[in-house]
Structures are given as C-alpha cells and as structure tokens.
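S.K.: Our numbering applies: residue 5 is where the sequence shown begins, and numbers increase by one.
Backbone N, C-alpha and C define an ideal beta-carbon position, used for all residues, glycine too.
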Amino acid sequence: MNRRTLLTTGLAAGAGITAAPFIMRKGIAQAGTPVTLTPWVDPLPTPPVLNPTNIVSGAAFDPRVTAYGAPNYHELIEAEGFHQFHRDLPATKMWLYNGTFPGPTFINRRGVPTVIRRINNLNPAHVGFGIPETTMHHHGGHQSPMDDGWPLDFIAPGTYRDHLIPNIVPDNDSNEWPSTLWYHDHCIDYTAANVYRGLAGMSLHFDDLDSGNENDINPAALRLPSGAYDVPLVFRDVALNADGSLLFNQLDTKGQVGNLKTVNGKVKPYLTVQRRKYRFRLLGGSLAREWMFRIWNGNVRVPFQIIASDGGLLPAPVTVTQHQQGNAERYEIVVDFSKFANGTQITLNDHLVQTDGNKPVGVSPTGEPLVLFRVVGAAAAPDPSRVPDVLRPLSPVDMTRVMATRTIELSQVGGFWTINGSPWNPNVPIFQPKLGSAEIWNVSVKGGGWDHPLHIHQEFFRILKRGGAKPQAWERGRKDVVLLSNTSPVQLYVSFRTFTGPYVFHCHNLAHEDMAMMAWYNVIP
Ligand code: C2O
Ligand code: CU
Ligand code: CU
5 MNRRTLLTTG LAAGAGITAA PFIMRKGIAQ AGTPVTLTPW VDPLPTPPVL
55 NPTNIVSGAA FDPRVTAYGA PNYHELIEAE GFHQFHRDLP ATKMWLYNGT
105 FPGPTFINRR GVPTVIRRIN NLNPAHVGFG IPETTMHHHG GHQSPMDDGW
155 PLDFIAPGTY RDHLIPNIVP DNDSNEWPST LWYHDHCIDY TAANVYRGLA
205 GMSLHFDDLD SGNENDINPA ALRLPSGAYD VPLVFRDVAL NADGSLLFNQ
255 LDTKGQVGNL KTVNGKVKPY LTVQRRKYRF RLLGGSLARE WMFRIWNGNV
305 RVPFQIIASD GGLLPAPVTV TQHQQGNAER YEIVVDFSKF ANGTQITLND
355 HLVQTDGNKP VGVSPTGEPL VLFRVVGAAA APDPSRVPDV LRPLSPVDMT
405 RVMATRTIEL SQVGGFWTIN GSPWNPNVPI FQPKLGSAEI WNVSVKGGGW
455 DHPLHIHQEF FRILKRGGAK PQAWERGRKD VVLLSNTSPV QLYVSFRTFT
505 GPYVFHCHNL AHEDMAMMAW YNVIP
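#1: Let's test the definition: count the other Cβ atoms within 10 Å of the Cβ of A332 and tell me whether it reaches 16, buried, or not, exposed.
#2: Under the criterion of a Cβ to heavy atom distance below 7 Å, does D518 qualify as lining ligand 2?
#3: Where does the unbroken alpha helix (DSSP H) through H516 begin, and where does it stop?
#4: Exposed or buried, Q34, counting other C-beta atoms within 10 Å across all chains shown (16 or more means buried)?
#5: Taking DSSP's pairing of strands, which residues face Q147 in a bridge?
#6: Leaving aside the five residues before and after M522 along the sequence, list all residues of the same chain whose C-beta is less than 6 Å from its C-beta, in chain order.
#7: What is the DSSP secondary structure of W524, reduced to helix, strand or coil?
#8: With distances taken Cα to Cα, identify the nearest neighbour of N490 among N362, D340, Y72 and D402.
#9: Taking only the alpha-carbon atoms, compute the straight-line gap between P51 and S368 and give it to the nearest angstrom.
#10: Taking Cβ to Cβ, would you say G162 is nearer than 8 Å to N124?
#11: Please tell me whether, using a cut-off of 7 Å, the distance from the CB of V116 to the nearest non-hydrogen atom of ligand 1 is below it.
#12: Please indicate yes or no: does the CB of N424 lie closer than 7 Å to some heavy atom of ligand 3?
#13: What is the DSSP secondary structure of D66, counted as helix, strand or coil?
#14: How is Y233 classed by DSSP in three states: helix, strand or coil?
#15: Under the rule that 16 or more other beta-carbon atoms within 10 Å means buried, what is T351, buried or exposed?
#16: What is the rounded straight-line gap between the Cα of R165 and the Cα of R121?
#17: Which residue wins for smallest C-alpha separation from F537, given the options A442, V485 and V173?
#18: Look up Y101 in the DSSP assignment and give the residues it is bridged to.
#19: How about H459: is its Cβ closer than 7 Å to a heavy atom in ligand 1?
#20: Which whole-angstrom value describes the C-beta separation of L318 and G481, a residue pair presumed to lie in contact below a C-beta threshold of 8 Å?
#21: If you run the structure through DSSP and keep just helix, strand and coil, what is W543?
#22: Return the chain-ordered list of same chain residues with a C-beta closer than 7 Å to the C-beta of L395, the five sequence neighbours on each side being excluded.
#23: Select from P223, P182 and T42 the residue whose C-alpha is nearest the C-alpha of P174.
#24: Pop quiz: W445 and I412 are said to be a contact at Cβ under 8 Å. What is the actual Cβ separation, rounded to whole angstroms?
#25: Please list, in chain order, all residues of the same chain as M1 whose beta carbon is under 7 Å from its beta carbon, the five residues on each side excluded.
#26: Give the secondary structure of T323 by DSSP, where H, G and I count as helix, E and B as strand, and everything else as coil.
#27: Nearest-angstrom Cα distance between R298 and Q436?
#28: Please give me, in chain order, every unbroken run of the beta strand (DSSP E) with length at least 3 that falls completely inside the region 385-435.
#29: Among the candidates G472, N55, L54 and E79, whose CA atom is the shortest distance from the CA of R61?
#30: What residue range does the alpha helix (DSSP H) around S194 cover?
#31: In terms of DSSP beta bridges, what is Q329 paired with?
#32: Can you grab the Cα-Cα spacing for the pair S342 / G418, in whole Å?
#33: Based on the DSSP output, what are the partners of R121 in its beta bridges?
#34: Would you list the one or two residues that DSSP bridges to D241?
#35: Find the nearest neighbour of I172 within the set G202, P430 and P117, judged by alpha-carbon distance.
#36: Taking all protein chains shown into account, do 16 or more other C-beta atoms lie within 10 angstroms of the C-beta of D393, making it buried, or fewer, making it exposed?
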C-alpha cells in the first residue's frame, strides 16, 4: 500500500459552528453556517482513570514484559464511538480509547512497571480520513524502541500490541521524575488524522515527593493540591460539519486550526471550584494551534504559579500572569481561588490570534474565554495543600558526557517539511549517538512564516540557550518539546543513557510531522 496516498474525503464544504454571544475565530477552511451554542452549560469532564485489571485478554506476555516481573496490567481498546463536544451539538463519531475523549488517564508510580495491552477494534472497512492501523506513543516516556510507538509499528484492526512502560529514569537519577505525560496515536503519515479522530489521553506520574496526596504524612512529600483539586486540562480545537461530524482537511499542509476550542472535549465548560488551591495540568493537545493563557477575574488578571513543565516539577514555582504553550507541551499551574468571594466568576482565556497552522499572528487583549470557574463557598475552604518554594531539584547538566554537536535546521523544501533538507526517511538514521553519551543540538528554523514545536523521543532534554541567551525560568527544567520560530534558535542538551535502537524526533504540528518533518536517531552501543 502506498503510505503517502492522501485521502480526499473530509474535504466536503463544512459548516463551521460559532457560539453566541462569543465570536469564535474561524479557521480559513472552516467558513460555514453559524449555529448558536450557549456557553457554560456543560460541566468540565475529567477523563476516567485507566484502572489496572487482572484478566488478560489474549496471549501471555512476551519475555520483554515478564522480565519486569508481573507488571501492572492495563487494557486500552481503540474503537469507534460517539462524543458530544457540547450539550447542543449532535454527537460526533470519533475513535476513542476505552470509549472516551480524551482517553482514560493513565496513572504511573516511579519504580512500578506497567504494561498496556492496546487492542485495535477499529473498523477495518473504515471510510473517511484517518487510517484504522494504529501505533501508540507514550509521549515523554522513557521506554524501549519496541514499546515507544515507532511510526511503522502499526497494528491492524483485530490485533493488539503490548507497550511496556518500565517507569524507570535514566541513571536512576533521584532528581528526575516526570509528572504529566500523554499518549496518542503515531501511525506513519496519519498521526494528525488519527489523533484528531480522538486517539489521545493523559498519563500522570507520581512518586514519594509528588505523591498525589495533599495529606501525606511523609515529611518529604510536597503535598501539592491532589485528588479532586488536581485537574488535567486538555486543550484541543476542532472543526465540525453541520451534522456534527469532524471536518478535517487532509491537504492542509500548514496544519488545520478549527473554530471550536475545547477543554477536556467540551466547548466552554464550567468547573465549580472551592475557595482553595487547584493544580491544573495543561496540555496543548491540538494539531497545530498554540495557546496563550491568562486568567481573569472580570477585567483583573489573576496571577498563577507555574510548577511543572514537560519533564516534571520545576526546581521552584514561577509566578506569572500569562503563559504561552505550543502543541504537545505540558505545563502545570496552581491557581489559588481562596480570596475570591462566593459566586465570583473566573475565566481562563486564550489570547492568541491564529487563523491557520503556520503560527499565531497576534495577541488579542480580551482573548476568548475557554473555561469558567464558578467559585463557591461562604469562607475559604480548608486547604491542606502547599506549593513549597523548593519543588524538585534539577540535576546539573553534565558537559563531560558530550560526544557530538549537531546542527538541525527545520525548513520547507519542495512542498515537504524537512529536517536538514530531507523529509522522513525510514531507512537512514540522521544521527547515531553513543549509548551513555550526551550531545549538543543546535536547532534553528529557516523561514519566518511558521513555528515548529520540535519533539524528541526517549529522554528529556535541557534548553541551554534560546536566541543565544538563557531561557525563561519555566523553560529551564526538563523538556521534550521546544516551540521554535526563526527568531529563537535553541541549543539543547540531549542524552542517550538507557536504551539502544531507533527513536524518532519530529515537529509536533501533526501535519508537519506527517508531511514529513520527522527523522530518527539510532542509539548505538
Ligand atoms: Cu507526542 Cu512522537 O509524539
Ligand atoms: Cu515522544
Ligand atoms: Cu512544524
């Protein structure tokens, strides 16, 4: 089969949907008949937790998995299903993990190996955009190439594949442990379509320090807001046809932006909050859209603390009044609602003006409210949680390990998105780093018309420099995505400490990735 065939379905003229009284920004491809949607009628859903099970569907595990003892076993079933993006919209046919969008939240604990048996129950005769052959990448995870969701390791409907998530860290570094990862389809050429169909979910990580228990009696525990006060927020824009079906333009090489911005799968949901601190885990879960968040109490900006980035907790919280993030980046924030009176309405707004997949073209002073927080409580609620001044220390960058310096240029050549002038080539690795070594990657963008969120699999990297200078405080932690424009080349410190074999890196604007801004490195012994 020709893996480069572009499907033309999904191109039918669609009806974009606008919501009154809000003016929703329309993507260029999404002009259409507006309908009225009432904001703040759907409660913000929290994706269900992916629970382990003892009953194994199918054959026994292979030795790669049993070498880890009897790992925590989970099943993830990919199947067609329906999802409603808003109370007043028709149900949308999607591809769901265990029946939900976003997929169920996968919970990990340091040192507890886990296996996911991913069962593809999609329709083999599927018509329309997307391909029912799937891989799955645990994004940010430190796992072997076998388990990483290599884009060509796709499985057909009616089959399954095991992903071993060992929950180890390189060098067993006691300072290293992530907090918010995610998982999503990664099928070669079809990642954008399959992820847009719905194949994405969150993956949270805990350990003794960040234990997920704000009442933890362990004196070392940070006691960050936990349980009902620890809320993932998946931001994703979509475009719908008038009948509620997903509108997707497979030929949009810039990356599609949709006019409906959703949070945890809902357009303009509300969350009732108590007068206390909340931890929010923010994922840029779009195909191409970037976000700039501000939190508003009427026309007053509410400051908040950034506590974590892609690779886990920062050494210290950073207080800000706005935060920008690109596709696939995760940042965690703590918002304190304790000082707001009962009945106060707080909104989290997106302030970027972005009408196509290239890049945002401006900042709107008012922005578009995405979530409404309704504050309840006559008095401040009891709050045992804390945001300590010291979160997770950062191990120093070890320059003695550096064995190579690489130059990476992201550009457009002959209609393809390329890395060092070449589109994806499954046969030739771009680099062959040595196991145990580190490298300096100097990454730049050629051409000012677009942004690229570059993602590297397998280990978190560190941003040594952005635009020649030290990066902002929130970019100094462990990262796996770096948002790039031509004005901000970066210097990265990348390590290869545990596994040998092939790993990809790519632009996480998923249209760019599919068309074919992806390369792979091969870690050699
Ligand atoms: Cu989140 Cu290779 O991707
Ligand atoms: Cu990844
Ligand atoms: Cu890109």
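M.R.: Well, looking at it:
#1: Here residue 332 corresponds to residue number 328 of the sequence shown, with the count starting at 1. With 16 or more other Cβ atoms within 10 Å, it is buried.
#2: As a working note, residue 518 is residue 514 in the sequence shown. Every heavy atom of ligand 2 is 7 Å or more from the Cβ of D518, so no.
#3: Position 512 of the sequence shown, counting from 1, holds the residue named residue 516. First-last of the alpha helix (DSSP H) with H516: L514 to D518.
#4: Taking the first residue of the sequence shown as 1, we reach residue 34 at position 30. Annotation note: pLDDT 40 at Q34 (below 50); position unreliable, no value reported.
#5: What you label residue 147 is simply residue 143 of the sequence shown in a count that begins at 1. None; Q147 has no bridge partner.
#6: Counting from 1 along the sequence shown, the entry for residue 522 is found at position 518. Answer for M522: W428, V508 and H510, listed in chain order.
#7: If you number the sequence shown from 1, residue 524 lands on position 520. If DSSP states are grouped into helix, strand and coil, W524 belongs with the strands.
#8: Here residue 490 corresponds to residue number 486 of the sequence shown, with the count starting at 1. That would be N362, whose Cα lies nearest to the Cα of N490.
#9: If you number the sequence shown from 1, residue 51 lands on position 47. If you number the sequence shown from 1, residue 368 lands on position 364. So the alpha carbons of these two residues sit roughly 30 Å apart.
#10: Here residue 162 refers to the residue found at position 158 of the sequence shown. Here residue 124 refers to the residue found at position 120 of the sequence shown. Closer than 8 Å, so yes.
#11: Position 112 of the sequence shown, counting from 1, holds the residue named residue 116. No - ligand 1 has no heavy atom lying nearer than 7 Å to the Cβ of V116.
#12: Here the question's residue 424 lines up with position 420 in the sequence shown. It does not: the Cβ of N424 is nowhere closer than 7 Å to a heavy atom of ligand 3.
#13: Here residue 66 refers to the residue found at position 62 of the sequence shown. Coil.
#14: What you label residue 233 is simply residue 229 of the sequence shown in a count that begins at 1. It is helical.
#15: Here residue 351 is taken as the residue at index 347 of the sequence shown, counted from 1. The residue is buried, with at least 16 neighbouring Cβ atoms inside 10 Å.
#16: Counted from its first residue, the sequence shown places residue 165 at position 161. Counted from its first residue, the sequence shown places residue 121 at position 117. Their backbone Cα atoms lie some 6 Å apart in a straight line.
#17: Not covered by the structure: residue 537. The range shown for the chain is 5 to 529.
#18: If you number the sequence shown from 1, residue 101 lands on position 97. Answer is E82 and T104, bridged to Y101.
#19: Indexing the sequence shown from 1 puts residue 459 at position 455. Yes, since a heavy atom of ligand 1 falls inside the 7 Å radius drawn around the Cβ of H459.
#20: On the sequence shown, position 314 is the one that residue 318 refers to. On the sequence shown, position 477 is the one that residue 481 refers to. Yes, L318 and G481 are in contact; Cβ-Cβ is about 5 Å, under 8 Å.
#21: With the chain running from 5 to 529 in the structure shown, residue 543 is simply not present.
#22: Within the sequence shown, residue 395 is the residue found at index 391, counting from 1. Same-chain partners within the cutoff: L226, I311, L317, L318, P319, A320 and P321.
#23: Mapped onto the sequence shown, residue 174 falls at position 170. If we check each option's Cα against that of P174, P182 comes out closest.
#24: Taking the sequence shown and counting its residues from 1, the one referred to as residue 445 is at position 441. Taking the sequence shown and counting its residues from 1, the one referred to as residue 412 is at position 408. About 6 Å separates the two Cβ atoms, so the contact holds.
#25: Any question about residue 1 goes unanswered here, given that the chain covers just 5 to 529.
#26: The residue labelled residue 323 in the question sits at position 319 within the sequence shown. The answer is strand: DSSP assigns T323 an E or B state.
#27: One-based indexing of the sequence shown puts residue 298 at position 294. One-based indexing of the sequence shown puts residue 436 at position 432. Going from the Cα of R298 to the Cα of Q436 covers about 42 Å.
#28: 406-417 and 420-423
#29: By one-based count along the sequence shown, residue 61 stands at place 57. What sits at residue 61 in the sequence shown is Ser, not Arg. For the residues G472, N55, L54 and E79, the minimum Cα distance to S61 belongs to E79.
#30: As a position in the sequence shown, residue 194 is number 190, starting the count at 1. According to the sequence as given, residue 194 is Tyr; it is not Ser. Looking at the DSSP string, Y194 is not in any alpha helix (DSSP H), and its letter there is neither H nor E.
#31: Taking the sequence shown and counting its residues from 1, one reaches residue 329 at position 325. Bridge partners of Q329: W295.
#32: Sequence index remark: in the sequence shown, residue 342 carries index 338 (1-based). Sequence index remark: in the sequence shown, residue 418 carries index 414 (1-based). For S342 and G418, the distance between alpha carbons rounds to 55 Å.
#33: Reading the sequence shown from its first residue, position 117 is the one you call residue 121. Bridge partners of R121: E79 and D166.
#34: If you number the sequence shown from 1, residue 241 lands on position 237. D241 pairs with K265.
#35: Working through the sequence shown from its first residue, we reach residue 172 at position 168. I172 has its Cα closest to that of P117, out of G202, P430 and P117.
#36: Here residue 393 refers to the residue found at position 389 of the sequence shown. Exposed, by the Cβ-count rule.
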